[in-house]
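Read in order, the letters of the sequence shown correspond to residues -21 to -1, 1 to 190 in mature numbering (1 follows the signal peptide of the UniProt record, and there is no 0).
One structure is given below, encoded as structure tokens.
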Amino acid sequence: MPRAPTSLLALLLPLSGLACASSSLPDPKEAVQAYADAAARGDADAIYGMLSDRSRTAMSREEVRRRVAEARAELAEQARSVTAPGVVVKTRARVRYPDGEIATLELDDRERAFRISAADALPAGGRTPEQALEQLRRVLARRSYAGLLRVLTPATRSAIESDLRSLVEGLAQPEGLEVKIAGDSATVQIPGGHEVKLRREAGIWRVDDFD
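Written as structure tokens, this is what we have:
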């Protein structure tokens, strides 16, 4: 029961992102004030009416009524908290792409324009091990080399970039390298201590492995 007000407010948070759907940006403080008024009155129907379609699929009208009835005092306290002097209201929008990638945008009040605050394509590192693993999964799913480098530790990233740079330099003049061919397989020793293995399939040579 103590979690009820927090759950309701979490469902209402998408209201602050509605500004991105219109060329004229409404003041998010109006949504906060409307919620505070409804919470102070214990008006479950008004709170339900403020929910997005997605939030309504997660919580029915009857469930909202039940939670409001169970936590009237806490909702009233929350109403006072969100409208207290010094409270800063920020407008954010979350965009989910078909491949599952999510971008978060935040409204710059001075320029009245949305700026990217976070994006899966620009991972900044997870605050928990689970978040770091989720970022790794997403960059691998997108086959994003740049994204993969961003989720690695600086030491690992530096080592990989150093190895790749050495490999690139070693391949600067491929015609001068000794290629050992054995049937449909070939091995090439690259300056810098690297080795590239190739395989011929349907008459086309492709890289099979390298280190």
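Every residue, glycine too, gets a C-beta built ideally from N, C-alpha and C.
{"Item": "Complete runs of the beta strand (DSSP E) confined to the region 112 to 174 [at least 3 residues]", "Value": "158 to 161, 164 to 169"}
{"Item": "Backbone secondary structure at K176 - three-state DSSP", "Value": "strand"}
{"Item": "Length of the line joining the Cα atoms of D187 and D32", "Value": "50 angstroms"}
{"Item": "Beta carbon of V67 nearer than 8 angstroms to that of P7", "Value": "no"}
{"Item": "Rounded separation between S(-15) and L146 - CA only", "Value": "Because S(-15) sits at a pLDDT of 48, beneath the cut-off of 50, its placement in the model cannot be relied upon, and the point is left open."}
{"Item": "Among A125, F189, R178, nearest to D142 - alpha-carbon criterion", "Value": "F189"}
{"Item": "Cβ contact (3+ pairs, closer than 8 angstroms) linking the region 123 to 136 and the region 27 to 44", "Value": "no"}
{"Item": "Close Cβ partners of R40 (< 6 angstroms) along its chain, the five nearest in sequence each way excluded", "Value": "Y27"}
{"Item": "Helix, strand or coil at T83 [DSSP, three-state]", "Value": "strand"}
{"Item": "A17 vs V61 beta-carbon contact at 8 angstroms", "Value": "no"}
{"Item": "Three-state secondary structure assigned by DSSP to D88", "Value": "coil"}
{"Item": "Contact belief for E85 with R94 at Cβ below 8 angstroms, rounded distance in angstroms", "Value": "6 angstroms"}
{"Item": "Pairwise C-alpha distance: L177 and A161", "Value": "10 angstroms"}
{"Item": "Residue 196, buried or exposed, once every other Cβ within 10 Å from all chains shown has been counted against 16", "Value": "The question about residue 196 has no answer, for the chain in this structure spans -21 to 190."}
{"Item": "Q114 versus A10: straight-line alpha-carbon distance, rounded", "Value": "32 angstroms"}
{"Item": "Those runs of the alpha helix (DSSP H) which lie wholly inside the region 18 to 87 and span at least 4 residues", "Value": "23 to 29, 32 to 37, 40 to 49, 51 to 61"}
{"Item": "Local Cβ density within 10 Å of T135, reported as buried at 16 or more and exposed below that", "Value": "exposed"}
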